[in-house]
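Below: one structure, written as structure tokens.
Number of protein chains: 2
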Amino acid sequence: MPRWESDAQGRLERAALDLFESQGFERTSVAQIARAAGLTERSFYRYFPDKREVLFAGDELEAHLVAGVEAADPGLTPFEALLTALGTADEIFRPRDFLLRRVAVVAANPALAERDLIKLADIADALTGALERRGVEPGEARFTIDVAIAVSRRATSRWLADPDAALADLIVQAADELRRAVAPTR
Amino acid sequence: MPRWESDAQGRLERAALDLFESQGFERTSVAQIARAAGLTERSFYRYFPDKREVLFAGDELEAHLVAGVEAADPGLTPFEALLTALGTADEIFRPRDFLLRRVAVVAANPALAERDLIKLADIADALTGALERRGVEPGEARFTIDVAIAVSRRATSRWLADPDAALADLIVQAADELRRAVAPTR
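In structure tokens:
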């Protein structure tokens, strides 16, 4: 059982998802989430700054990806270093059934969909720093990250739908599709 | 002189930018923007649903890009059709000095930066529909759009910095860089 299954943060995340599904995001309070998780409101705020944040797992993914880029073989291109890091994201992903429910709840609530976009932009900013430390010029870094995130989105949506697939393999597949999609026709 | 220079919408946009720069986004009211533009609050709401929207020019860009994709040569790949449309965005861009000031104001105000992300996501959604009408499967459409938008962001940031460059040329240049950046090293 992954660590989060049994800890307070995990209980809060699952309680929040249950409540957002059953009664909607807007009508759910932090107090209700904490109570459903058997915790106090004060405990909630130890893990999350606000209600919108509870489905976004703090900065775990960002920290994991930055560490992955920093640890990647220096001989890799910036794009390859990013894909290598993004291919390990499933190491810290929540269980697939939780993520599938989460995707639906986020899509149904504009406040959560906005937070999702902001989180992704924050991750892109953090990765820009990680690539710059590998000697990549900032504009090129940002460009390469935008493209790598597109590859990751394509791979992750397939990973969510296919219990037998490995995320790293799906990223390789999506990168191959990218190369074909951008090939000149002439 | 482009149409927006002399019309009410343009006056509101310029007044808002002046006020956001001089006193900050949070401290500026819709009433102040309208007054500075020589218009009523009621007129403001004829053009924009709220204060956050005033720097985002309604749905002009989205409509322009969707029309561009729909009009693109059916023989073009989805990626080429998108780049062709994105390369004409400067036809409806505001003047460069306005856009440069706008970039700085948006970056300095989290509420505007969020709206910027949401606008971009809305444009991506709209373009997905346009590609689907060209027969592209939704997942592939979204992926290709994410990549094309990355190319467009790279090109547009250069266009803003270089008064002599044509956006369409910078998009071709960024697409070439993309092909090099994603090439396998083996």
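These protein sequences, in sequence, are chains A and B.
Okay, so the first sequence: first residue is 1 according to full-length UniProt numbering, each after it adds one.
Okay, so the second sequence: first residue is 1 according to full-length UniProt numbering, each after it adds one.
Where is the CB? At the ideal position from N, CA and C, for every residue including glycine.
Excluding five sequence neighbours on each side, which residues of the same chain lie with their C-beta closer than 7 Å to the C-beta of Leu76 (chain A)?
Reading the first sequence from its first residue, position 76 is the one you call residue 76 (chain A). Same-chain partners within the cutoff: Thr84.
By the criterion of Cβ-Cβ separation under 9 Å, what are the contact partners of Leu127 (chain A) in chain B?
Sequence index remark: in the first sequence, residue 127 (chain A) carries index 127 (1-based). Going along chain B, no residue has its Cβ under 9 Å from Leu127 (chain A), so there is no contact; the nearest lies around 13 Å.
Note down the Cα distance separating Ala175 (chain B) from Thr144 (chain A), rounded to an integer number of angstroms.
For the purposes of this step, residue 175 (chain B) is taken as residue 175 along the second sequence, with counting starting at 1. For the purposes of this step, residue 144 (chain A) is taken as residue 144 along the first sequence, with counting starting at 1. Each residue's alpha carbon lies about 12 Å from the other.
Please list, in chain order, the chain B residues whose beta carbon lies closer than 8 Å to that of Phe56 (chain A).
In the first sequence, the residue the question calls residue 56 (chain A) occupies position 56. What Phe56 (chain A) touches in chain B: nothing, since even the nearest Cβ is about 14 Å away.
Candidates B:Gln9, B:Gly10 and B:Phe25, of which the one nearest Arg115 (chain B) by Cα:
Indexing the second sequence from 1 puts residue 115 (chain B) at position 115. Looking at the Cα atoms, B:Phe25 is the closest of the given residues.
Leaving out five residues on either side along the sequence, give the residues of the same chain with a beta carbon under 8 Å from the beta carbon of Arg14 (chain A).
Numbered from 1 along the first sequence, position 14 holds the residue referred to as residue 14 (chain A). Correct list, in chain order: Ala37 and Phe98.
At which residues does the alpha helix (DSSP H) containing Thr156 (chain B) begin and terminate?
Indexing the second sequence from 1 puts residue 156 (chain B) at position 156. It spans Pro138 to Ala161 - the alpha helix (DSSP H) in which Thr156 (chain B) sits, taken as one unbroken run.
Within this structure, are the beta carbons of Leu19 (chain B) and Gln32 (chain B) separated by less than 7 Å?
The residue you call residue 19 (chain B) lines up with position 19 of the second sequence. The residue you call residue 32 (chain B) lines up with position 32 of the second sequence. In contact: Leu19 (chain B) and Gln32 (chain B) (Cβ atoms closer than 7 Å).
State buried or exposed for Ser152 (chain A), treating a residue as buried only when at least 16 other CB atoms are found within 10 Å of its CB.
Numbered from its first residue, the first sequence carries residue 152 (chain A) at position 152. Buried, because 16 or more other Cβ atoms sit within 10 Å of the Cβ of Ser152 (chain A).
Below 6 Å, is the gap between the Cβ of Val54 (chain B) and the nearest heavy atom of the ligand ADP?
Among the ligands in the structure shown, none appear at all, so the ligand ADP cannot be discussed.
Cβ of Thr28 (chain B) less than 7 Å from any chain A Cβ?
Start at 1 with the first residue of the second sequence, and residue 28 (chain B) comes out as number 28. No, because no Cβ of chain A sits closer than 7 Å to the Cβ of Thr28 (chain B).
Please determine, among A:Ile149, A:Leu17, A:Ala34 and A:Asp90, the residue with the shortest C-alpha to C-alpha distance to Ala165 (chain A).
One-based indexing of the first sequence puts residue 165 (chain A) at position 165. That would be A:Asp90, whose Cα lies nearest to the Cα of Ala165 (chain A).
Thinking Leu68 (chain B) and Ile171 (chain B) are a contact (beta carbons under 8 Å), I'd like their distance in whole angstroms, please.
Against the second sequence, residue 68 (chain B) aligns to sequence position 68. Against the second sequence, residue 171 (chain B) aligns to sequence position 171. Leu is not the amino acid found at residue 68 (chain B); the sequence shown has Gly there. So it is not a contact: roughly 12 Å between Cβ atoms.
Return the chain-ordered list of same chain residues with a C-beta closer than 7 Å to the C-beta of residue 189 (chain A), the five sequence neighbours on each side being excluded.
What the structure shows of chain A is the stretch from 1 to 186, and residue 189 (chain A) is not part of that stretch, so it cannot be assessed.
Using 8 Å for Cβ pairs, my map puts Leu65 (chain B) next to Ile123 (chain B). What's the rounded Cβ distance?
Reading the second sequence from its first residue, position 65 is the one you call residue 65 (chain B). Reading the second sequence from its first residue, position 123 is the one you call residue 123 (chain B). About 6 Å separates the two Cβ atoms, so the contact holds.
Along chain A, in chain order, which residues have C-beta atoms closer than 7 Å to that of Phe79 (chain B)?
The residue given as residue 79 (chain B) occupies position 79 in the second sequence. Those within 7 Å of Phe79 (chain B) in chain A are Ala181 and Val182.
Return the chain-ordered list of same chain residues with a C-beta closer than 6 Å to the C-beta of residue 188 (chain B), the five sequence neighbours on each side being excluded.
Residue 188 (chain B) lies beyond the range of chain B shown here (1 to 186); nothing can be said about it.
Using CA atoms only, rank isn't needed, just tell me which of A:Val30, A:Ile92 and A:Phe79 is closest to Pro184 (chain B).
The count along the second sequence starts at 1 and reaches residue 184 (chain B) at position 184. Per the Cα distances, A:Phe79.
Contact under 7 Å by Cβ, Asp132 (chain A) with Ala141 (chain A)
Along the first sequence, one-based indexing puts residue 132 (chain A) at 132. Along the first sequence, one-based indexing puts residue 141 (chain A) at 141. The residue you asked about is not Asp; residue 132 (chain A) is Glu in the sequence shown. Closer than 7 Å, so yes.
How about Ala130 (chain A) and Glu53 (chain A): do their beta carbons lie closer than 7 Å?
The count along the first sequence starts at 1 and reaches residue 130 (chain A) at position 130. The count along the first sequence starts at 1 and reaches residue 53 (chain A) at position 53. No.
Mind pulling the chain A residues with CB within less than 8 Å of Phe44 (chain B)?
Translated into the one-based positions of the second sequence, residue 44 (chain B) becomes position 44. None at all; the shortest Cβ gap to chain A is about 23 Å.
Rounded to the nearest angstrom, what separates Arg101 (chain B) and Pro163 (chain A) at their Cα positions?
As a first step, residue 101 (chain B) is located in the second sequence; it is residue number 101 there, counting from the start. As a first step, residue 163 (chain A) is located in the first sequence; it is residue number 163 there, counting from the start. Near 48 Å, if we compare the C-alpha coordinates of Pro163 (chain A) and Arg101 (chain B).
Chain A residues whose Cβ lies nearer than 7 Å to that of Arg153 (chain B)
Taking the second sequence and counting its residues from 1, one reaches residue 153 (chain B) at position 153. Simply Asp146.
Relative to the C-alpha of Lys51 (chain A), which candidate in A:Glu137, A:Ile92 and A:Leu112 has its C-alpha closest?
Locating residue 51 (chain A) in the first sequence gives position 51, where the first residue counts as 1. Lys51 (chain A) has its Cα closest to that of A:Leu112, out of A:Glu137, A:Ile92 and A:Leu112.
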